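Visitor: Residue numbers (full-length UniProt numbering): 1 to 122.
Ideal placement from N, C-alpha and C gives every residue a C-beta, glycine not left out.
These numbers come from a predicted model, not from an experiment.
Take a look at the structure:
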């Protein structure tokens, strides 16, 4: 995964120095995923394969696929975990829970096209 940072700064024209001018600078930051040929599975179904493990007040989300999974929501017992972001390929991420109990965990992922997936469950 790479970050593509693009900043657009408008050119200035000295001939308009005595008029009111509004100039806008646009800065965009995009995630850029490089996927070599031959990766197993489909990226759009990777969120289905996430698994969760609960230990004390920690929740670990594991991703066995070769794809990044960007989480849109991660909820434990209906309470959203705000720190949820991305789960790396063949990796895991741990989150601290507000309480030691976690009976129901659900999540939604963001697709390659920016859409939100259906709810995934372990």
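Secondary structure at residue 79, three-state DSSP: helix, strand or coil?
Guide: Strand, per DSSP.
Visitor: CA-CA distance, residue 132 and residue 95?
Guide: One cannot answer for residue 132 here, as it falls past the ends of the chain, which runs 1 to 122.
Visitor: Note the first and the last residue of the continuous beta strand (DSSP E) segment covering residue 109.
Guide: Its beta strand (DSSP E) spans residues 105-110.
Visitor: Report the start-end ranges of each beta strand (DSSP E) in the region 1-33 that is 3 residues or longer and not cut off at the edges.
Guide: Correct list: 2-8 and 26-32.
Visitor: Counting Cβ pairs, one atom from each stretch, are 3 or more of them under 8 Å apart for the region 61-76 and the region 105-113?
Guide: With the cut-off at 8 Å, the region 61-76 and the region 105-113 touch.
Visitor: Out of 55, 44 and 77, which one is the CA nearest neighbour of residue 113?
Guide: If we check each option's Cα against that of residue 113, 44 comes out closest.
Visitor: When the Cα of residue 152 is compared with those of 10, 32 and 33, which residue comes out closest?
Guide: The displayed coordinates of the chain run from 1 to 122. Any statement about residue 152 would go beyond what the structure contains.
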